[in-house]
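These notes concern the structure reproduced below.
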Amino acid sequence: MENRHASHPNEVKAFDTERLRHEYVIESLFVPGELKLVYSHVDRYIIGAAVPVQETIELKADSKTIGADTFLERREIGIINIGGPGTITVDGSDYELDTRECLYVGLGAKEVLFKSSDSASPAKFYLNSTPAHKTYPTVKTGPSDAFNVHLGSIDHSNERTIYRYIHDKGIQSCQLVMGMTVLEPGNMWNTMPAHTHNRRSEVYLYFNLPEDAVVFHLMGEPQETRHLVMRNEQAVISPSWSIHSGVGTHNYTFIWGMAGENQVFEDMDGIAMKELR
Numbered sequence: 005m006e007n008r009h010a011s012h013p014n015e016v017k018a019f020d021t022e023r024l025r026h027e028y029v030i031e032s033l034f035v036p037g038e039l040k041l042v043y044s045h046v047d048r049y050i051i052g053a054a055v056p057v058q059e060t061i062e063l064k065a066d067s068k069t070i071g072a073d074t075f076l077e078r079r080e081i082g083i084i085n086i087g088g089p090g091t092i093t094v095d096g097s098d099y100e101l102d103t104r105e106c107l108y109v110g111l112g113a114k115e116v117l118f119k120s121s122d123s124a125s126p127a128k129f130y131l132n133s134t135p136a137h138k139t140y141p142t143v144k145t146g147p148s149d150a151f152n153v154h155l156g157s158i159d160h161s162n163e164r165t166i167y168r169y170i171h172d173k174g175i176q177s178c179q180l181v182m183g184m185t186v187l188e189p190g191n192m193w194n195t196m197p198a199h200t201h202n203r204r205s206e207v208y209l210y211f212n213l214p215e216d217a218v219v220f221h222l223m224g225e226p227q228e229t230r231h232l233v234m235r236n237e238q239a240v241i242s243p244s245w246s247i248h249s250g251v252g253t254h255n256y257t258f259i260w261g262m263a264g265e266n267q268v269f270e271d272m273d274g275i276a277m278k279e280l281r
């Protein structure tokens, strides 16, 4: 499991592109036949992916990093499939996940297995995990069942639908909040006007991007912004002091996950456009 340490915003001001990417961008998550995990010291967040092809992949604990015998001994996890159909087996119970469907697994589950239905079109299970203090039930949901809201307009290049999967009025969890935003064709902007939320960190996974398209992800303090060039199926860590916004050369979809002090989606500190630098 790869480790990412937290950085102070005053330090980040001096980072060049290579250092920014090393600290915040996860460039290669979806490796066929493998489980890949990144441990962030920002809110003890774990970001990862499992891409089973021929063989089943087990979610195993890295005891040196998390100090536990099983992955969910002190954690909860949200899983969204962005690939072909597959099955997640939790302590002997099977949950079939089609593309863009979500499964929450609570504290204390012993065995989590990932399997694809078709090796020619493998599932791509994207994972977000946070520390937990209470066991909530394992629950599956999808776009048709999630709380969703349509926002924005083509005039502002941000017409989109936000799907909330794991949140205070949906699938219950200890602190993990997770969902997906789908931009309509011809729309490129997300999360602008920008905001921060000092009480929570956030992670974005950008996907559904053509190979030759990119998203310019904006980060940093509102008066000290930087950009990161993101490509298809890459993730970016956003600490609580940073904005997290972006504009693409093509429309795209992204999964957002949050962890921290509360689970209120609307709890954010808006940044007026005139304040950005």
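Each residue of the sequence shown is one higher than the last, beginning at 5 in my numbering. Heads up, the beta-carbon is just placed ideally off N, CA and C, and yes, glycines get one too.
Mapping DSSP to helix, strand and coil, what is Val116? Val116: strand per DSSP, three-state reduction.
N- and C-terminal bounds of the beta strand (DSSP E) containing Glu80: Segment 79-85, the beta strand (DSSP E) holding Glu80.
Can you grab the Cα-Cα spacing for the pair Arg168 / Ala113, in whole Å? Cα to Cα, Arg168 sits roughly 23 Å from Ala113.
Where the alpha helix (DSSP H) through Asn14 begins and ends: For Asn14, the enclosing alpha helix (DSSP H) starts and ends at 13-16.
Output the boundary residues of the alpha helix (DSSP H) element that contains Tyr169. That residue, Tyr169, is in no alpha helix (DSSP H); its beta strand (DSSP E) goes 164-170.
Grab me the residues of Met182's own chain with a C-beta within less than 6 Å of its C-beta, minus the 5 sequence neighbours each way, in chain order. For Met182, where only same-chain residues beyond five positions count, the Cβ hits under 6 Å are Gly82, Asn132, Tyr169, Ile170, Gly261.
Contact between the stretch 228-243 and the stretch 150-159 (3+ Cβ pairs under 8 Å): These segments do not touch.
Using a 10 Å radius around the Cβ and a threshold of 16 neighbouring Cβ atoms, would you call Glu80 buried or exposed? By the 10 Å Cβ count, Glu80 comes out buried.
Beta strand (DSSP E) runs contained entirely in the stretch 41-67, provided each spans 3 or more residues: The beta strand (DSSP E) runs of length 3 or more contained entirely in the stretch 41-67 are, from start to end of the chain, 49-54.
Can you give me the C-alpha to C-alpha distance between Val35 and Val57, rounded to a whole angstrom? So the two alpha carbons sit approximately 10 Å from each other.
Spatial neighbours of Met192 within its chain, please: C-beta separation below 6 Å, excluding the five flanking residues on both sides. Once the five neighbours on either side are set aside, the close Cβ partners of Met192 are Ser161, Val251, Gly252.
Are the stretch 100-108 and the stretch 192-204 touching by the rule of at least three beta carbon pairs closer than 8 Å? Because the criterion of three Cβ pairs below 8 Å is not met, the stretch 100-108 and the stretch 192-204 do not touch.
Does the stretch 134-152 come into contact with the stretch 45-52, if we say contact requires no fewer than three beta-carbon pairs (one atom in each stretch) closer than 8 Å? The stretch 134-152 makes contact with the stretch 45-52; the number of CB pairs closer than 8 Å reaches 3 or more.
Residue burial classification, Glu163 (beta-carbon count within 10 angstroms, cutoff 16): Buried, because 16 or more other Cβ atoms sit within 10 Å of the Cβ of Glu163.
Per DSSP, cross-strand counterpart(s) of Gly183: Gly183 is bridged by DSSP to Arg168, Trp260.
C-beta contact flag for Leu209 and His254 at 8 Å: No; because the gap between Cβ atoms is not below 8 Å, this pair is not in contact.
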